[in-house]
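Enquirer:
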Amino acid sequence: MKPFRQQNRRVISYVPRVEPAPPEHALKVEGYRDVWLLRGKYVAFVLMGETFRRSPVFNVPESAQRWAMQMRQEGEIDDE
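The numbering used here puts the first residue of the sequence shown at 132, with every later residue one more than the last.
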């Protein structure tokens, strides 16, 4: 059997971007606490201290909201 190529390749993990606020052209998605529609994709913005953390882009709003909930549950921020 042939060995897998790039077997020692590093795993790239997502580091949330820090932004002062969700962009003005982003539209808040109704029914979700942290989800915004940005360029046709769903993005979560979670307030951490005085800045927002931005999630990667998702195709469905439920995934973005799940990411935001996970950020809160990891204890990185206080929930209101």
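Cβ atoms here follow ideal geometry from the backbone N, Cα and C, with glycine treated the same way.
May I ask you to list the residues that DSSP assigns as paired with residue 179?
Expert: Paired residues: 182.
Enquirer: When you compare only the Cα positions, how much space is there between residue 158 and residue 188?
Expert: Their Cα atoms are separated by approximately 14 Å.
Enquirer: Excluding five sequence neighbours on each side, which residues of the same chain lie with their C-beta closer than 6 Å to the C-beta of residue 175?
Expert: 165, 166, 186, 195, 198, 199.
Enquirer: Can residue 168 and residue 160 be called in contact, C-beta distance under 8 Å?
Expert: For residue 168 and residue 160, yes; Cβs fall inside 8 Å.
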